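Participant: Chains as they are written, first to last, in my numbering: chain A, 9 to 307; chain B, 9 to 307.
Using N, Cα and C, we set each Cβ at its ideal position, and we do this for glycine too.
On a predicted model such as this, the values are computed, not experimentally measured, just so you know.
Protein chains: 2
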Amino acid sequence: MLAMRGRLLPSLNAIRTFEAVARYNSFTRAAEELNVTQSAASRLVRSLEEYLQVPLFTRQSRRIELTDQGRFYNELVRDSLDLIEAGTVELISSKEGKGTLSIGMLPTFGTRWLVPRLPSFQEAHPEISLNIISSDGQLDFTKERIDVAIRFGHGEWSDAIVDPLMSEEIMVVCSPRLMEGKYPITSYDSLRHHRLIRHSTRPNSWEHWFRSVGAHREDQQWGPTLEHFFMVIQAAIAGLGVALLPSFLVEDDIRSGNLVTPFTDRISGPGAYYLVTSAAKSELPRVKIFRQWLLAQLA
Amino acid sequence: MLAMRGRLLPSLNAIRTFEAVARYNSFTRAAEELNVTQSAASRLVRSLEEYLQVPLFTRQSRRIELTDQGRFYNELVRDSLDLIEAGTVELISSKEGKGTLSIGMLPTFGTRWLVPRLPSFQEAHPEISLNIISSDGQLDFTKERIDVAIRFGHGEWSDAIVDPLMSEEIMVVCSPRLMEGKYPITSYDSLRHHRLIRHSTRPNSWEHWFRSVGAHREDQQWGPTLEHFFMVIQAAIAGLGVALLPSFLVEDDIRSGNLVTPFTDRISGPGAYYLVTSAAKSELPRVKIFRQWLLAQLA
DNA sequence: GCGCTTCCATGACTTGAAAGAATGCTCGCC
DNA sequence: GGCGAGCATTCTTTCAAGTCATGGAAGCGC
Chain A
9 MLAMRGRLLP SLNAIRTFEA VARYNSFTRA AEELNVTQSA ASRLVRSLEE YLQVPLFTRQ
69 SRRIELTDQG RFYNELVRDS LDLIEAGTVE LISSKEGKGT LSIGMLPTFG TRWLVPRLPS
129 FQEAHPEISL NIISSDGQLD FTKERIDVAI RFGHGEWSDA IVDPLMSEEI MVVCSPRLME
189 GKYPITSYDS LRHHRLIRHS TRPNSWEHWF RSVGAHREDQ QWGPTLEHFF MVIQAAIAGL
249 GVALLPSFLV EDDIRSGNLV TPFTDRISGP GAYYLVTSAA KSELPRVKIF RQWLLAQLA
Chain B
9 MLAMRGRLLP SLNAIRTFEA VARYNSFTRA AEELNVTQSA ASRLVRSLEE YLQVPLFTRQ
69 SRRIELTDQG RFYNELVRDS LDLIEAGTVE LISSKEGKGT LSIGMLPTFG TRWLVPRLPS
129 FQEAHPEISL NIISSDGQLD FTKERIDVAI RFGHGEWSDA IVDPLMSEEI MVVCSPRLME
189 GKYPITSYDS LRHHRLIRHS TRPNSWEHWF RSVGAHREDQ QWGPTLEHFF MVIQAAIAGL
249 GVALLPSFLV EDDIRSGNLV TPFTDRISGP GAYYLVTSAA KSELPRVKIF RQWLLAQLA
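1. With which residues is D171 of chain A paired in a DSSP beta bridge?
2. Does the Cβ-Cβ distance between E231 of chain B and I262 of chain B come in under 8 Å?
3. Quick check on this structure: which residue in A:R185, A:M179, A:V240 has the alpha carbon closest to the alpha carbon of P254 of chain A?
4. With a CB to CB cut of under 7 Å and the five nearest residues on each side skipped, what residues in its chain are close to L74 of chain A?
5. Is the closest heavy atom of the ligand MG to the C-beta of P184 of chain A under 7 Å?
6. Count the CB pairs spanning the segment 189-196 of chain A and the segment 39-50 of chain B that are closer than 8 Å, and state whether there are at least three.
7. I want to know whether the segment 234-248 of chain A touches the segment 257-275 of chain A - three or more CB-CB distances under 8 Å.
8. Taking only three categories from DSSP, how would you classify Q61 of chain A?
9. Just checking my contact of M113 of chain A with L126 of chain A at CB under 8 Å: how many whole Å lie between their CB atoms?
10. Would you mind sorting T116 of chain B into buried or exposed? The rule is 16 or more other CB atoms within 10 Å of its CB.
11. 8 Å is my cut-off, CB to CB: does F271 of chain A come that close to chain B?
12. Please list, in chain order, the residues of the segment 196-221 of chain B that have any C-beta partner in chain A closer than 7 Å.
13. Interface residues of chain A around A79 of chain B at Cβ under 7 Å?
14. For G14 of chain A, return the contacting residues in chain B, with the cut-off set at a CB-CB distance below 8 Å.
15. Taking Cβ-Cβ distances shorter than 7 Å, what residues in chain B pair up with R153 of chain A?
16. Can you tell which of A:S50, A:V250, A:N43 has its C-alpha closest to the C-alpha of R200 of chain A?
17. Is DSSP giving M9 of chain B helix, strand or coil here?
18. Using the rule of at least 16 other Cβ atoms within 10 Å of the residue's Cβ for burial, across every protein chain shown, is D76 of chain A buried or exposed?
19. Residues in the segment 91-102 of chain B with C-beta within 7 Å of chain A's C-beta atoms, listed in sequence order?
20. Work out the CA separation of A223 of chain B and A304 of chain A for me, nearest whole Å.
21. Straight-line CA distance for F271 of chain B to D227 of chain B?
22. Please state whether the Cβ-Cβ distance between G118 of chain B and I140 of chain B is less than 8 Å.
23. Going by other Cβ atoms of all chains shown within 10 Å of its Cβ, with 16 needed for buried, is S101 of chain B buried or exposed?
24. With DSSP run on the structure shown, which of helix, strand or coil describes H216 of chain B?
25. How long is the line joining the alpha carbons of D87 of chain B and Y59 of chain A, rounded to whole angstroms?
26. Quick one: what's got a C-beta closer than 6 Å to T233 of chain A's C-beta in the same chain, skipping five residues either side?
27. Could you check the C-alpha separation between G4 of chain B and L283 of chain B for me, to the nearest Å?
28. Kindly list the residues whose CB is nearer than 7 Å to the CB of F110 of chain B, restricted to its own chain and excluding five residues on each side of it in sequence; keep chain order.
29. Report, in whole angstroms, the separation of the C-beta atoms of D171 of chain A and V221 of chain A, which I expect to be a contact under 8 Å.
30. How would you list, in chain order, the residues of chain A whose beta-carbon sits under 7 Å from the beta-carbon of I72 of chain B?
31. Rounded to a whole number of angstroms, what is the C-alpha to C-alpha distance between R159 of chain B and G279 of chain B?
32. Just the chain A side, please: which residues come within less than 7 Å of P18 of chain B by C-beta, in chain order?
33. Counting contacts by CB-CB distance shorter than 8 Å, is A11 of chain B in contact with chain A?
34. For A287 of chain A, go through chain B and note every residue whose CB falls closer than 7 Å to its CB, in chain order.
35. Would you mind giving the Cβ-Cβ distance between R15 of chain A and L89 of chain B, rounded to the nearest angstrom? I have them listed as a contact below 8 Å.
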């Protein structure tokens, strides 16, 4: 018996040939792509079938068709080769120039926090061009061509390299005009005279806040419920109500006087911001550089 | 210039060798695994480096080390080979017997709906053994060895084969003892005399329900907030309060008299249940059979 | 310091798996 | 019924990959 340490893998050349044949559904055309004769393709696929002890195609003299098992294997093999191909292209093309870093970012975090800091990155590393993609869906570092992403959550990403960036401090803000009006906000209770603006993905944040600061929740007037934090910020500046926002998103507006903070309370938010990347991508120079720079920004 | 239609792939044998060398950090030991001489491994890796025009290892005479680029490529290549290896094993081992179907299921949906129906599947297909895994995290069909999964959501799974199973109808249920007590639930308003049980992953469902049936939300007494639907069901049966539950989860308990429904209202839930699988897995006979059976159960 | 071992690189030679060329077979089509 | 398209098969050939042998550099024990 053969030693059989190591991997259980068929001939990878046979696999590459199989993938091409399955793609074209034709030995002849696949052979053309691979720059070999039809004969070679035919025999290579047969040897793969013999190795696996599984028929991959049904042959009907002028026509071939994948078997169920062939279809399964094909899907899988194609994914694998796609992966290798993408990586190979990546490696060859990023050989000298550091290439383009693609960042998937959350809309508000990006525009409020990250984008203002990027000029400093560009200055330090002019050889890396940037590609900013607004994304908050599923992460797929292979297909979406994203190198790194910024996400909100609890670090629950499997198979990924994760760096905590910052936790949130939630605070109450409103337009200064509200403070100068008929009902200045001087106590938790005085909030009853104002509309509370909500964020649609965190509908309970006000309840949570009242509980955290030890205030009793009363019947409240609700203001608009908005999709993104930047809309909430705009609504608060416009005086549409009182908002509950992460401190780092409103620092600028507080400094410039667009917003004021009636209370000194800071409660911690329901999660934190993370830098997320894949194991493979994390080894790319441009990703290492960006990660290092980003973490330095926080220090 | 070479035609260069088709894929841009290096020699896959070289890649396999590279992966082994990187794994052992040694040409000698990798060569041993591959049953070739150290010389052969050395040459193949060098040819790969020449093809890519990228150094993959730094050589320090007695020691080698992956370069950054080598580490990147290694991660990627390893993932690919893992994929192929897993598929190859799958294919060879499932050759004759249909093998074991691994189902990742949501805890309550599984025990309440799926598990009671599985005996019928077993009877019809005794050659397929079942492996039931309780899972609600990230989906990874490669590593977690799950063939199919049942998930709740909006069909937002990328790169997957998705079948809608059923939408939810949400209804109010409680123990019959509550109806016979001091405050029978005869109107929406009479709910104020009872505690409302909540589900932690859907904290707003009561508000949503009140809005949907056109009732005015009053100050409510809250009961416990529980993690899983089966706990909510148990709490309702125990008379701890009134619960809002998907109809198909409580059908049995209503039939047996453990629970009653004060109202006839049925509102639609925030999502639906789906059968999810990967493109490759969906071609496996055991998966095809299960999918067909499951969809037939719904008809 | 010196021999011994370990590990990688390289030049020269060898080999067999994969490629090519030619032919046969089957089937659909005009 | 002859033709062409496409896969299989047999026989021959070739070159990519492998072996063997050797060299050099570095670590290790004494």
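Facilitator: Straight from the coordinates:
1. A:L283
2. The amino acid at residue 231 of chain B is misidentified as Glu; the sequence shows Gly. Their beta carbons are not under 8 Å apart, which means G231 of chain B does not touch I262 of chain B by this criterion.
3. A:M179
4. A30, L64, F65, N82
5. Questions concerning the ligand MG fall outside what the structure shown contains, since it holds no ligand whatsoever.
6. no
7. yes
8. coil
9. Between L126 of chain A and M113 of chain A the Cβ distance is about 10 Å, and since that is not below 8 Å, they are no contact.
10. buried
11. no
12. P211, N212
13. Just to set this straight, residue 79 of chain B is Arg in the shown sequence, not Ala. By Cβ distance, chain A contributes E291.
14. A28, E41, L42
15. Correct list: empty, because the minimum Cβ distance to chain B is about 14 Å.
16. A:V250
17. Reliability fails at M9 of chain B, whose pLDDT of 37 lies under 50, so the model's placement of it is uncertain and no value is given.
18. exposed
19. L91, I92, E93, G95, T96, V97, L99, I100
20. 53 Å
21. 20 Å
22. yes
23. exposed
24. helix
25. 22 Å
26. R206, S208
27. For residue 4 of chain B there is no data in the structure shown, the boundaries of chain B being 9 and 307.
28. According to the sequence shown, residue 110 of chain B is Ser rather than Phe. Only N139, I141, R153, I154, D155 meet the Cβ criterion.
29. Their Cβ separation, rounded to whole angstroms, is 31 Å, which puts D171 of chain A and V221 of chain A out of contact at 8 Å.
30. Chain A residues near I72 of chain B: none, gap ~17 Å exceeds 7 Å.
31. 10 Å
32. T96
33. Residue placement at A11 of chain B is poorly supported in this model, since its pLDDT is 42, which falls under 50; the coordinates still yield a value, given next. By this cut-off, A11 of chain B is an interface position.
34. E83
35. 7 Å
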